[in-house]
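Encoded as structure tokens, the structure appears first; notes follow it.
Numbering (this note's numbering), first residue to last: 74 to 245.
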């Protein structure tokens, strides 16, 4: 790992460190609208959520996302995350549908490819933030109205959960 990547990742891990309880991620996809991320995230979406780490104050955030399909078959999702303390983070997902359920792609700042699976109303995303120790696992559940999705994610260090994210995403 490059020293600069380690310098960036280490403070995040230290801030988020500590075991968390009471937050289950995953589960069986529910019946209802099929979640096709390239359809749900096309155009503009807005999200609001909280990052929680044991022993730390919860950190609220707001996300504005803009998604579009490209002629090469990739779907691009550009996001601006604004935290309540004023910090702003920008990132971009580039994903491609591999088959009926599987997706692969890249994310700004991730040290591994993004691996994702859409099944039923759920979209399960995994990637490594900092090679090899810090991973992100996210479940996004499309709600019956088709315009709202609930996102739950876990950040783990060496397989131990260190932070949880909860977000509600809405299409206008």
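Backbone N, C-alpha and C fix where the C-beta goes; we use that ideal spot for every residue, glycine too.
Original post:
Mind checking whether residue 61 and residue 192 have CB atoms under 9 Å apart?
Top reply: Because the chain here runs from 74 to 245, residue 61 falls outside it and cannot be looked at.
Original post:
Closer than 9 Å, CB to CB, is residue 238 near chain B or not?
Top reply: No chain B is present in this structure, which holds just one protein chain.
Original post:
In angstroms, rounded to a whole number, what distance separates the CA positions of residue 124 and residue 146?
Top reply: In the chain shown, counting from the first residue as 1, residue 124 sits at position 51. In the chain shown, counting from the first residue as 1, residue 146 sits at position 73. Taking the straight line from one Cα to the other gives about 32 Å.
Subject >> DSSP state of residue 111 mapped onto helix, strand, coil >> reply: Position 38 of the chain shown, counted from the start, is the residue given in the question as residue 111. When DSSP states are grouped into helix, strand and coil, residue 111 belongs to the helix group.
Subject >> Bridge partners - residue 234, DSSP secondary structure assignment >> reply: For the purposes of this step, residue 234 is taken as the residue at position 161 of the chain shown. As DSSP reads the structure, residue 234 sits in a beta bridge with 229.
Original post:
Looking at the unbroken beta strand (DSSP E) that takes in residue 138, where does it start and where does it end?
Top reply: As a position in the chain shown, residue 138 is number 65, starting the count at 1. First-last of the beta strand (DSSP E) with residue 138: 132-142.
Original post:
What residues are listed by DSSP as bridge partners for residue 174?
Top reply: Taking the chain shown and counting its residues from 1, one reaches residue 174 at position 101. Residue 174 has no beta-bridge partner at all, per DSSP.
Original post:
Using the C-alpha atoms, what's the distance from residue 154 back to residue 236?
Top reply: On the chain shown, position 163 is the one that residue 236 refers to. On the chain shown, position 81 is the one that residue 154 refers to. CA-CA distance, residue 236 to residue 154, rounds to 17 Å.
Original post:
Can you tell which of 151, 220 and 183 has its C-alpha closest to the C-alpha of residue 107?
Top reply: Within the chain shown, the letter at position 34 stands for residue 107. Nearest Cα to residue 107 within the set 151, 220 and 183: 220.
Subject >> First through last residue of the beta strand (DSSP E) which encompasses residue 203 >> reply: The residue given as residue 203 occupies position 130 in the chain shown. In this chain, the beta strand (DSSP E) harbouring residue 203 covers 195-203.
**OP:** Verify whether the separation of the beta carbon atoms of residue 111 and residue 148 is less than 9 Å.
**Re:** Within the chain shown, numbered from 1, the residue matching residue 111 stands at position 38. Within the chain shown, numbered from 1, the residue matching residue 148 stands at position 75. It is a contact, given that the beta carbons lie within the stated cut-off.
**OP:** Classify residue 184 as helix, strand or coil using the three-state DSSP reduction.
**Re:** For the purposes of this step, residue 184 is taken as residue 111 along the chain shown, with counting starting at 1. In the three-state reduction of the DSSP assignment, residue 184 falls in the coil class.
Original post:
What three-state label does DSSP hand residue 216 in the structure shown?
Top reply: Along the chain shown, read from residue 1 onward, the residue named residue 216 stands at position 143. In the three-state reduction of the DSSP assignment, residue 216 falls in the coil class, being assigned neither a helical nor a strand state.
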